[in-house]
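Residue numbers (my numbering): 2 to 182.
Below is one structure, written out as structure tokens, with a few remarks after it.
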Amino acid sequence: MPSIRLYYFVQIIVSMLFTSFVLFGIIKFLNVWLITINYRIILIIFIVVFVIYSVVKKYITRSAFFNNYIFEIELNYQNKIYKFRGFLDTGNELYEPVSGLPVIIVEKRCIPGVFYHEKYFYKIPYKVITGDTSYFEGIKIKNVYFKNNNRDFYADVILCTTNTLLDSNKRFEAILSRCII
2 MPSIRLYYFV
12 QIIVSMLFTS
22 FVLFGIIKFL
32 NVWLITINYR
42 IILIIFIVVF
52 VIYSVVKKYI
62 TRSAFFNNYI
72 FEIELNYQNK
82 IYKFRGFLDT
92 GNELYEPVSG
102 LPVIIVEKRC
112 IPGVFYHEKY
122 FYKIPYKVIT
132 GDTSYFEGIK
142 IKNVYFKNNN
152 RDFYADVILC
162 TTNTLLDSNK
172 RFEAILSRCI
182 I
């Protein structure tokens with residue numbers, strides 16, 4: 002753990018030095034036209050540049066981390082191909098208890114008409130953090146294709162739908178169980 006803290010400390014120092022050199026270059030360039038410059042303005046500019054740099058770096062790091070858990074999903078059901086994006090929820094261990102197949106929860110708008118042709122459903126019980134229990138009705142889909150930056154693979158899954166919008170930013174349309182991996 003101390004090596005991680007040391008790594009971040011060194012990273013912050015290097016970032017601050019880089020920002021200082023860039024700021025010094027800008028001030029030196031502007032000093033040709035502005036002979037007298039107030040040092041408070043220099044300090045304020047330095048702080049603003051460092052804050053902007055920190056926010057941008059944090060945003061880029063967070064989005065890169067988030068994108069590692071986004072999968073492109075392609076499934077073939079009754080000779081029709083459906084494509085959507087799914088988020089691998091590492092805290093989600095939802096699976097069908099009898100077969101042990103992982104469960105995918107998909108927004109209903111992504112797979113219109115899939116459930117209307119089925120006679121038999123799997124009932125998957127679940128319990129949420131508040132203690133409420135219920136069940137999903139799902140169907141078995143074979144050879145669903147999953148792909149992200151690091152890997153691609155096929156898996157058999159139980160497909161359940163929801164009317165709820167899963168992501169307000171529309172980065173994904175499905176929640177994946179970590180049992181898929």
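Cβ atoms here follow ideal geometry from the backbone N, Cα and C, with glycine treated the same way.
Reduced DSSP secondary structure (H/G/I, E/B, other) of residue i
{"i": "VAL104", "result": "strand"}
{"i": "LEU89", "result": "strand"}
{"i": "LYS141", "result": "strand"}
{"i": "ILE53", "result": "helix"}
{"i": "LEU167", "result": "coil"}
{"i": "VAL158", "result": "strand"}
{"i": "ILE131", "result": "Note on residue identity: the sequence assigns Thr, not Ile, to residue 131. Of the three classes helix, strand and coil, the one that applies to THR131 here is coil, per DSSP."}
{"i": "GLY114", "result": "coil"}
{"i": "ASN32", "result": "coil"}
CA-to-CA distance, residue j to residue i, given in whole angstroms
{"i": "CYS180", "j": "ASN170", "result": "25 Å"}
{"i": "GLU73", "j": "THR163", "result": "19 Å"}
{"i": "PHE25", "j": "PHE10", "result": "22 Å"}
{"i": "ILE182", "j": "VAL104", "result": "12 Å"}
{"i": "TYR70", "j": "SER178", "result": "11 Å"}
{"i": "GLN12", "j": "VAL23", "result": "17 Å"}
{"i": "ASP157", "j": "PHE19", "result": "50 Å"}
{"i": "CYS161", "j": "LYS141", "result": "9 Å"}
Beta-carbon proximity list for residue i, same chain, < 6 Å, skipping 5 on both sides
{"i": "PHE122", "result": "GLU138"}
{"i": "VAL115", "result": "TYR78"}
{"i": "VAL84", "result": "Correcting the residue identity first, residue 84 is Lys in this sequence and not Val. Cβ within range, chain order: GLU75."}
Beta-carbon proximity list for residue i, same chain, < 7 Å, skipping 5 on both sides
{"i": "LEU166", "result": "GLU108"}
Proximal residues to residue i (C-beta, below 8 Å), its chain only, five neighbours per side dropped
{"i": "SER21", "result": "PHE47"}
{"i": "THR134", "result": "PRO126, TYR127 and LYS128"}
Beta-ladder partner(s) of residue i, from DSSP
{"i": "LYS148", "result": "GLU73 and ASP153"}
{"i": "TYR136", "result": "PRO126"}
{"i": "ALA175", "result": "GLY87 and VAL107"}
{"i": "ILE82", "result": "ASN77"}
{"i": "TYR96", "result": "PRO103"}
Is it a yes or a no for the stretch 55-64 touching the stretch 142-152, going by three-plus beta-carbon pairs under 8 Å?
-> In short, these stretches do not touch, since the Cβ pair count stays below three.
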